[in-house]
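Numbered per our numbering, the sequence shown spans residues 5 to 99. Take a look at the structure below.
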Amino acid sequence: GKGFSGRVQAFGEWTRSRLSTVIQAIASIKQVAELLERDPAIARSLAVRHPYMEPLHILQAELLRRDRELPEQPLVEIALMASVAGIAAGMRNTG
């Protein structure tokens with residue numbers, strides 16, 4: 005069988021595939037080529053934020069891994085909470 009990392013990778017591939025299918029279905033229902041083509045201001049805003057958000061998502065995943073492996077590490081917990089706040093701010097959302 006697959007080890008843990010193999011299962012995680014397979015789950016990631018399945019999730020990306022499902023996401024792509026859902027995006028295509030929504031675009032088809034809305035009769036658009038891109039989901040935000042009718043709202044260019046939001047599309048631009050997301051495009052500008054994406055390069056800054058992606059590293060935060062990667063950092064958060066690593067911090068979650070470390071927190072699971074070594075629970076009760078105050079610096080990891082503080083960094084994890086900062087990553088949550090950073091992502092919320094980047095998404096212009098408070099929670």
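Quick reminder that beta carbons are idealized off the backbone N, C-alpha and C, glycines included.
Closest in alpha carbon position to R53, among L40, M85 and R96, is R96.
For Q64 and G90, the gap between their C-alpha atoms comes out near 10 Å.
Listed in chain order, the alpha helix (DSSP H) elements of length 4 or more contained wholly in the stretch 44-81 are 44-73. Under the three-state reduction of DSSP output, V26 falls in the helix class.
Y56 and Q13 have their C-alpha atoms roughly 24 Å apart. Separation of E73 and F15 (C-alpha to C-alpha, rounded to the nearest whole angstrom) is 20 Å.
In the three-state DSSP reduction, R42 falls in the coil class, being neither helix nor strand.
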